[in-house]
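To start, the structure under review is shown below, and the notes come after it.
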Amino acid sequence: MHFRSQKKLSAEVSINETIDVDRDGNPLTYMDVIAVEDHVEEEVDARIKSARVRRLVETVLCERERQIITLRYGLGGQAPLTQREVAELLGISRSYVSRIEKGALEVLREHC
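Quick note on our numbering: the sequence shown kicks off at 10 and runs consecutively.
Below, the structure written as structure tokens:
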């Protein structure tokens with residue numbers, strides 16, 4: 010009976026089993042060979058947070074704040090612009106863009 014159960018286990022391999030040795034003499038395991046850098050959980054979390062922020066931008070900010078945040082952070086598939094570029098585009102001063110942006114970010118933080 011013991012031999013029969015051992016025969017079943019003889020084909021099993023542990024993923025932590027050493028299969029080779031690297032140049033420095035460190036053991037190389039199956040886990041090292043098949044390891045995948047998978048960050049699915051982090052990507053999903055980032056997408057959820059991003060969608061939430063976009064919804065907040067659309068619902069809690071006034072038109073001017075929404076426009077500046079959208080331009081500054083590249084929302085809507087655009088490239089992000091500097092404060093200076095936003096100021097030139099809207100015909101206002103860079104410092105005014107900075108003040109509106111700061112206020113809008115504070116409003117977003119309060120709603121998060």
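For every residue, glycine included, the Cβ atom is placed at its ideal position computed from N, Cα and C.
Tell me which same chain residues have a C-beta within less than 8 angstroms of the C-beta of Thr27, skipping the five on either side of it?
By 1-based counting over the sequence shown, the position of residue 27 is 18. Once the five neighbours on either side are set aside, the close Cβ partners of Thr27 are Pro36, Leu37, Thr38.
From this set, Ser102, Leu98, Gly83, Ser104, which residue's C-alpha is nearest Val62's C-alpha?
As a position in the sequence shown, residue 62 is number 53, starting the count at 1. Comparing Cα-Cα distances from Val62 to each of Ser102, Leu98, Gly83, Ser104, the minimum goes to Gly83.
Tell me whether Val30 sits in a helix, a strand or coil according to DSSP, three-state version.
Residue mapping note: residue 30 aligns to position 21 of the sequence shown, counting from 1. Three-state DSSP puts Val30 in a strand.
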